[in-house]
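Trainee: Chains as they are written, first to last, in my numbering: chain A, 1 to 293; chain B, 1001 to 1417. Here a beta-carbon is modelled for each residue, glycine too, at the ideal position from N, C-alpha and C. One structure follows; several queries about it will come next.
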């Protein structure tokens, strides 16, 4: 029984890593209608900037805060000077551009900081807390708490604020949004900036565990995309729940379903996606997109 | 229509430039020198010899990959600065090294080989099993030496199967076996948990380990799990293994971040077994320290190279020469984080050993010379290990010694505990 609960707790903390990236993906999608494949790469770049500041003697909290601000600016700049050219055209082109951006950022990180694994200090201690025979590191708890807070903030942003409403309006129909007086271009920049800032937080949370390398989030991105599809592109709460589900189910399937084992557990989220998409194409928590003809 | 025309034009330009490059390559080769006679192989003149390396310089394996170039470059950089290497045919040559990045991608490795093969005398030192395998057959067909490569795959050390190849580092089985023997020799009863990578690498280690503990009454394997090289976490595996009650974990894992998090996870679960790590993921600075290895009764690994970070070798003359050369000639200003830097330095010394007994400037004679080295103690080698290339089925370094983490580096041990 203790092993069973431990596996669930382990799954939740792995799932939180996926959730961090998934939230940034949702934010960009809500604000611009795109899936940004470079989200993970931008988070890695942010983590490197924090790491660089640390190596110059800047305290950890300040370094991470600075990287969040820098990332906001970087996200806005990428939108203004790169993505802007593709937003009006075919969305497929824009998505391919983000994949190109991912490759480019990974290469630049490798060139600047080498591909060696760099140690990134954690905001939270690794000491374990034990209750009911289950041990959880403070780092896992801290990561999970931050993710939940960010998730609630995002939910509140989209559902309860004028900015959130404006971002959504711009994403759904930029033309009508412009006609009703919204500063569409600035809102797009803000959307990308916020997503990049969120990515920076995600990068700082997971870098201590995965150790900082240019490709640190490549595998996590695949799981994050699975969580986004599973939870629904429009729901921050949905993707976090989906990411946790993926983490937990993966572990349980590996241990308790002999046929799956550790070799096939990677398939679990994708089987889940398949089933969910057949039954509920908008994702578990997503809203149906209705297009008027 | 105009689009069609443009792409045709582009094709013509592409073909023309390829041809031009090919001719340029030919003329460079022909322009070497005629003095050595018609028998000289490509890539060698009376004054220079050129070696090629295809290795990962970008991507997740770039850390060790960069080292495989740095060591050998440093070794020959220092030799060149001192005038060059005296070959067995009486000529002194400087050694040039051309390294290309394959990003651990087999296709790029093959392309690198194709672009280097007519230009270099021999290919050497490159890291990676799938990448070296990608052009092994081509190298055999072209009769190009692919020697002292950094792979633990036994295929490269089989003289029948691989007449133009020779692996440098101990094969995976050598490492697993060395640790298994130590456990058996301890005499005390041990329960062993195994966590290995689900590929030839993990399987090779486990095979070697099992062959050593087979039939030993004091060793029981209580649980055996695998993980995929693409996994981001092995927390669930560690949780499951911790419930097995094992007091030893045989952890054949090649990914640095996963080893670090496995060590941390076990501590959180308060499971503190003796821990075995492969030579390529047991770096004190990059793995054991960040993983908090001091908490365990023992972190064991195998090695054949002196660790420059270890206080035991701080004053060692070999180590100091090596570190200075690495900075000056190897484009590697930092302290080496991976043992591959040291291995690559030894590759340089082993190649020099072969060069000094070569009597003709041909690839054939080079292979003969390379395959007749016995008990050569290359610089940086640990006592008890040596380069021996005369035995088929074994790599150039067939022996390893088991070592235990001492808080800073590793010490050779004769028994567990």
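Determine the DSSP secondary structure at residue 280 (chain A), reduced to helix, strand or coil.
Mentor: As a position in the first chain, residue 280 (chain A) is number 280, starting the count at 1. Note: residue 280 (chain A) maps to coil in three-state DSSP.
Trainee: Mind pulling the chain B residues with CB within less than 8 Å of residue 215 (chain A)?
Mentor: As a working mapping, residue 215 (chain A) is identified with position 215 in the first chain. Correct list: 1059 and 1060.
Trainee: By how many angstroms is the C-alpha of residue 16 (chain A) removed from the C-alpha of residue 296 (chain A)?
Mentor: Only positions 1 to 293 of chain A appear in this structure, which leaves residue 296 (chain A) out of reach.
Trainee: Return the CA-CA distance between residue 1031 (chain B) and residue 1049 (chain B), expressed in angstroms with no decimal places.
Mentor: As a first step, residue 1031 (chain B) is located in the second chain; it is residue number 31 there, counting from the start. As a first step, residue 1049 (chain B) is located in the second chain; it is residue number 49 there, counting from the start. Summary for residue 1031 (chain B): the model assigns pLDDT 39, below 50, so the residue's position carries little reliability, and this model does not support an answer.
Trainee: So which residues on chain B does residue 266 (chain A) lean against when the C-beta distance must stay under 8 Å?
Mentor: Reading the first chain from its first residue, position 266 is the one you call residue 266 (chain A). In chain order: 1228, 1230 and 1231.
Trainee: Taking C-beta pairs closer than 8 Å, name the residues in chain A that residue 1337 (chain B) reaches, listed in chain order.
Mentor: To locate residue 1337 (chain B), count along the second chain from 1; it is residue 337. Ordered by position in chain A, the residues that pass the 8 Å Cβ test against residue 1337 (chain B) are 116.
Trainee: I'd like to know whether the C-beta of residue 22 (chain A) is nearer than 8 Å to at least one C-beta of chain B.
Mentor: What you label residue 22 (chain A) is simply residue 22 of the first chain in a count that begins at 1. No, no contact with chain B.
Trainee: Could you tell me whether the Cβ of residue 3 (chain A) comes closer than 8 Å to any Cβ of chain B?
Mentor: Stepping through the first chain from its first residue, residue 3 (chain A) is reached at position 3. For residue 3 (chain A), the answer is yes, since a Cβ of chain B falls inside 8 Å of its Cβ.
Trainee: Taking any Cβ of chain B, which residues in the segment 195–225 of chain A have a Cβ under 7 Å from it, in chain order?
Mentor: 209, 210, 211, 213, 215, 219 and 220
Trainee: Buried or exposed, going by whether 16 or more other CB atoms sit within 10 Å of the CB of residue 1265 (chain B)?
Mentor: Here residue 1265 (chain B) is taken as the residue at index 265 of the second chain, counted from 1. Buried is the call here.
Trainee: Please state whether DSSP places residue 1091 (chain B) in a helix, a strand or coil.
Mentor: Residue 1091 (chain B) sits at position 91 when you count from the first residue of the second chain. Collapsing the DSSP output to three states places residue 1091 (chain B) in coil.
Trainee: With 8 Å set as the bound, which would you pick, yes or no: does the beta-carbon of residue 1034 (chain B) sit closer than that to a beta-carbon of chain A?
Mentor: The count along the second chain starts at 1 and reaches residue 1034 (chain B) at position 34. With a pLDDT of only 40 at residue 1034 (chain B), under 50, the local geometry of the prediction cannot be trusted, and no value is derived from it.
Trainee: What whole-angstrom Cβ distance do residue 1345 (chain B) and residue 1150 (chain B) have, given they're in contact under 8 Å?
Mentor: Taking the first residue of the second chain as position 1, residue 1345 (chain B) is located at position 345. Taking the first residue of the second chain as position 1, residue 1150 (chain B) is located at position 150. So it is not a contact: roughly 12 Å between Cβ atoms.
Trainee: Against chain A, does residue 1026 (chain B) count as a neighbour if the rule is that its beta carbon must be under 8 Å from one of theirs?
Mentor: As a position in the second chain, residue 1026 (chain B) is number 26, starting the count at 1. Residue placement at residue 1026 (chain B) is flagged as unreliable, the pLDDT there being 45, under the threshold of 50; the coordinate-derived value follows with that caveat. Judged by the 8 Å Cβ criterion, residue 1026 (chain B) is not in contact with chain A.
Trainee: Check whether the Cβ atoms of residue 1362 (chain B) and residue 1041 (chain B) lie closer than 8 Å to each other.
Mentor: Mapped onto the second chain, residue 1362 (chain B) falls at position 362. Mapped onto the second chain, residue 1041 (chain B) falls at position 41. Closer than 8 Å, so yes.
Trainee: Residue 1394 (chain B) by DSSP, collapsed to three states: which one?
Mentor: Numbered from 1 along the second chain, position 394 holds the residue referred to as residue 1394 (chain B). In the structure shown, residue 1394 (chain B) sits in coil (DSSP, three-state: anything other than H, G, I, E or B).
Trainee: Would DSSP call residue 1142 (chain B) helix, strand or coil?
Mentor: Residue 1142 (chain B) sits at position 142 when you count from the first residue of the second chain. Three-state DSSP puts residue 1142 (chain B) in a helix.
Trainee: Alpha carbon to alpha carbon, what distance is there between residue 1175 (chain B) and residue 1279 (chain B)?
Mentor: Translated into positions along the second chain, residue 1279 (chain B) becomes position 279. Translated into positions along the second chain, residue 1175 (chain B) becomes position 175. Cα to Cα, the separation comes out at about 8 Å.
Trainee: Tell me the start and end of each unbroken beta strand (DSSP E) in the segment 181–248 of chain A that is at least 3 residues and wholly inside, in chain order.
Mentor: none
Trainee: Are residue 1095 (chain B) and residue 1051 (chain B) touching if we call contact CB-CB under 8 Å?
Mentor: Here residue 1095 (chain B) is taken as the residue at index 95 of the second chain, counted from 1. Here residue 1051 (chain B) is taken as the residue at index 51 of the second chain, counted from 1. Taking 8 Å as the Cβ cut-off, residue 1095 (chain B) and residue 1051 (chain B) qualify as a contacting pair.
Trainee: Under the rule that 16 or more other beta-carbon atoms within 10 Å means buried, what is residue 1414 (chain B), buried or exposed?
Mentor: As a working note, residue 1414 (chain B) is residue 414 in the second chain. That one is exposed.
Trainee: Whether or not the segment 1286–1300 of chain B and the segment 1395–1412 of chain B are in contact is what I'm after, with contact meaning three or more pairs of Cβ atoms, one per stretch, closer than 8 Å; do they touch?
Mentor: A contact is defined here as three or more CB-CB pairs under 8 Å, and the segment 1395–1412 of chain B meets this definition with respect to the segment 1286–1300 of chain B.
Trainee: Residue 249 (chain A) and residue 268 (chain A) - do their beta-carbons sit closer together than 8 Å?
Mentor: The residue you call residue 268 (chain A) lines up with position 268 of the first chain. The residue you call residue 249 (chain A) lines up with position 249 of the first chain. Yes, Cβ-Cβ distance for residue 268 (chain A) and residue 249 (chain A) is below 8 Å.
Trainee: What's the call for residue 1300 (chain B), buried or exposed, on a 16-neighbour Cβ count within 10 Å?
Mentor: Start at 1 with the first residue of the second chain, and residue 1300 (chain B) comes out as number 300. By the neighbour-count rule (16 or more Cβ atoms within 10 Å), residue 1300 (chain B) is buried.
Trainee: What I want to know is whether the C-beta of residue 1166 (chain B) ends up closer than 7 Å to one or more non-hydrogen atoms of the ligand SAH.
Mentor: As presented, the structure is devoid of all ligands, the ligand SAH included, so that no description of it is given.
Trainee: From residue 1113 (chain B) to residue 1185 (chain B), what distance separates their C-alpha atoms?
Mentor: Within the second chain, the letter at position 113 stands for residue 1113 (chain B). Within the second chain, the letter at position 185 stands for residue 1185 (chain B). Here the alpha carbons of residue 1185 (chain B) and residue 1113 (chain B) stand approximately 45 Å from one another.
Trainee: Quick one: which unbroken beta strand (DSSP E) runs of 3-plus residues sit fully inside the segment 1255–1283 of chain B? Chain order, please.
Mentor: 1274–1276
Trainee: For residue 97 (chain A), collect the residues of the same chain with a Cβ closer than 6 Å to its Cβ; drop the 5 residues on either side in sequence, then sort them by chain order.
Mentor: Position 97 of the first chain, counted from the first residue, corresponds to residue 97 (chain A). For residue 97 (chain A), where only same-chain residues beyond five positions count, the Cβ hits under 6 Å are 86.
Trainee: List the endpoints of the continuous beta strand (DSSP E) containing residue 1227 (chain B).
Mentor: Your numbering for residue 1227 (chain B) matches position 227 in the second chain. 1219–1227 is the extent of the beta strand (DSSP E) around residue 1227 (chain B).
Trainee: Which residue wins for smallest C-alpha separation from residue 945 (chain B), given the options B:1390, B:1325, B:1216 and B:1167?
Mentor: The structure shown does not extend to residue 945 (chain B), since chain B spans only 1001 to 1417, so no value can be given for it.
Trainee: From residue 1121 (chain B) to residue 1145 (chain B), what distance separates their C-alpha atoms?
Mentor: Within the second chain, the letter at position 121 stands for residue 1121 (chain B). Within the second chain, the letter at position 145 stands for residue 1145 (chain B). Distance between the alpha carbons of residue 1121 (chain B) and residue 1145 (chain B) is about 8 Å.
Trainee: So, helix, strand or coil for residue 151 (chain A), using DSSP?
Mentor: For the purposes of this step, residue 151 (chain A) is taken as residue 151 along the first chain, with counting starting at 1. Reduced to three states, the DSSP call for residue 151 (chain A) is helix.
Trainee: If the cut-off is 7 Å on Cβ atoms, which residues from the segment 1240–1269 of chain B count as contacting chain A, listed in chain order?
Mentor: 1240, 1243, 1256, 1257, 1260, 1261, 1264, 1268 and 1269
Trainee: Measuring alpha carbon to alpha carbon, tell me which residue in B:1246, B:1226 and B:1247 is nearest residue 1237 (chain B).
Mentor: In the second chain, residue 1237 (chain B) corresponds to position 237, counting from 1. Residue 1237 (chain B) has its Cα closest to that of B:1226, out of B:1246, B:1226 and B:1247.
Trainee: What does residue 1101 (chain B) pair with, by DSSP beta-bridge criteria?
Mentor: Here residue 1101 (chain B) corresponds to residue number 101 of the second chain, with the count starting at 1. DSSP lists B:1055 as partners of residue 1101 (chain B).
Trainee: Tell me the rounded alpha-carbon separation between residue 1306 (chain B) and residue 1383 (chain B).
Mentor: What you label residue 1306 (chain B) is simply residue 306 of the second chain in a count that begins at 1. What you label residue 1383 (chain B) is simply residue 383 of the second chain in a count that begins at 1. For residue 1306 (chain B) and residue 1383 (chain B), the distance between alpha carbons rounds to 9 Å.
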